[in-house]
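Positions 18 to 311 (the numbering used here) are the ones given, in order, by the sequence shown.
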Amino acid sequence: MAAKIIDGEAVASRIREEIKATVAEMVANNQSPPGLATVLVGENPASQQYVRMKQNRCKKVGIQSFGYNLPAETSQEEVEKLVSELGSDPKVHGILVQLPLPDHLDEEAVLNTIPLHKDIDGFHPVNIGRLTMKGRKPLFIPCTPAGVIRLLEEVGAEFDGAEAVVLGRSNIVGMPTALLLIHKNATVTICHSRTKDLPGVCRKADILVAAVGRPQMVKADWVKPGAFVIDVGSNRVDAPDTEKGYRWVGDVDFDDVKEVAGALSPSPGGVGPMTIAGLLQNTLRAAQIADEMK
Ligand code: NDP
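Laid out in structure tokens, this is it:
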């Protein structure tokens, strides 16, 4: 049986339309539009591209974006000063510091400088701390993990009592995704580079989320028949037969796994668009919080 393919772009497009309508309504009511500040340090081409994509999407739904591109050698003090200023700028409702930062910068200290109510990436230690606790609610949920859960909901995954396996334990994807799955009452196993018998652990999963950054690592014989598989991975691989000379693939071997899984999100075209839609949702929510705080 071939898997149901989860169209992340279609879901994200619906979310963007809803946001656009809400922003238009805010502006019609003489409220200021939501504003997102992006802080990019250095010239990492992938980071530059992510920030451009985020800014373009903002414009399309009526969210104002303010871009700050700093040279790679910017000091800790200068980055923190900028983030603090943005923290008290009323036009800026959300602050996004594009990660990773150059090695000489202390990421945690920079993220700590973002006021909680502008932490639209959900990476502030207090927001993450709340995510780890039962009965507590972060102001913002990290965008990629939120996108993973939304895609699973879209295809009717049963969470209650399900065996969920998350491949990867990073702060921005693996760990918060596992926490969200626990909140949904799944029984969660988190795997990483030291996990023994990965295929065996994965085969037990009713829900399998792959976020390791290893091209096409998950094969059909790692997957329980009928499982819900979400591929977060986004890996550039050489493709000499193409015009560009490269292509993007996920952490899941799509052609192999689609014959076994019950539902499968492709990469590209699955979680990626959901991450940006989540960022727009969080920025809108930040503007609403700012309005409530007046
Ligand atoms: P990180 O490199 O921060 O984390 C990777 C995780 O995978 C680590 O926990 C690591 O283990 C684990 N890992 C690495 N290799 C193996 C292996 N061979 N077996 C088992 N576990 C392994 O990556 P991110 O979480 O930031 O990103 C993961 C993937 O998701 C990447 O492809 C990235 O491009 C993509 N991504 C996609 C997004 C989207 O919007 N679609 C957004 C963010 C990321 P350990 O902790 O032991 O080192």
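Don't be surprised by glycine CBs; every beta carbon is placed ideally from N, CA and C.
Asked	Found
Going by C-alpha to C-alpha distance, which of H141, L156, G267 and V226 sits closest to R253?	G267
With DSSP as the reference, label E94 as helix, strand or coil.	helix
Does the stretch 35–45 come close enough to the stretch 291–303 that 3 or more CB-CB pairs lie under 8 Å?	yes
Which of the three DSSP states, helix, strand or coil, is assigned to T206?	strand
Pull up the distance between the alpha-carbon of V172 and that of I137, whole angstroms please.	26 Å
Between which residues of its own chain and D270 is the CB-CB distance below 8 Å, once the five residues before and five after are set aside?	Q233, M234, V235, K236 and A237
Alpha carbons only, please: which of F157, R74, Y67 and V78 is nearest the one belonging to N86?	Y67
Distance check for V246 and A29, CA to CA, integer angstroms please.	18 Å
Consult DSSP for D255 and reduce its assignment to one of helix, strand or coil.	strand
Between N188, A179 and I189, which lies nearest to N206 when the distance is taken from Cα to Cα?	The sequence as given places Thr at residue 206; Asn does not occur at that position. If we check each option's Cα against that of T206, A179 comes out closest.
May I ask you to report which of helix, strand or coil DSSP gives T212?	coil
If you count every other CB in all the chains shown that lies within 10 Å of the CB of H209, and 16 or more means buried, which is it?	exposed
Does DSSP put S105 in a helix, in a strand, or in coil?	coil
Pop quiz: F140 and V109 are said to be a contact at Cβ under 8 Å. What is the actual Cβ separation, rounded to whole angstroms?	No, F140 and V109 are not in contact; Cβ-Cβ is about 17 Å, not under 8 Å.
Using CA atoms only, rank isn't needed, just tell me which of D308, N188, T194 and G279 is closest to V288.	T194
By the three-class DSSP mapping on this structure, what secondary structure does R220 have?	coil
Which residue's Cα is closest to the Cα of I32: I306, D308, K311 and T292?	T292
Please state whether DSSP places L184 in a helix, a strand or coil.	strand
Near A41, which residues of its chain fall below 7 Å by C-beta distance, leaving aside the five closest residues on each side in sequence?	G79
Can you give me the C-alpha to C-alpha distance between V114 and L168, rounded to a whole angstrom?	25 Å
Quick one: give me the first and last residue of the beta strand (DSSP E) that S282 is part of.	A280 to S282
So for K37, helix, strand or coil by DSSP?	helix
If you scan the stretch 110–185 from start to end, which runs of the alpha helix (DSSP H) of 4 or more residues do you find wholly inside it?	124–130, 142–149 and 160–171
Could you tell me the boundaries of the beta strand (DSSP E) in which N86 lies?	Q81 to L87
What did DSSP end up calling K231 once you bin it into helix, strand or coil?	Note on residue identity: the sequence assigns Arg, not Lys, to residue 231. Three-state result, R231: coil.
Beta carbon of A228, beta carbon of G286: below 7 Å?	no
Pull up the distance between the alpha-carbon of L357 and that of V218, whole angstroms please.	The structure shown does not extend to residue 357, since the chain is modelled only from 18 to 311, so the question has no answer here.
Would you say the beta carbon of R147 comes nearer than 6 Å to a heavy atom of the ligand NDP?	no
Would you report the Cα separation of G25 and S282, rounded to the nearest angstrom?	7 Å
Taking only three categories from DSSP, how would you classify D308?	helix
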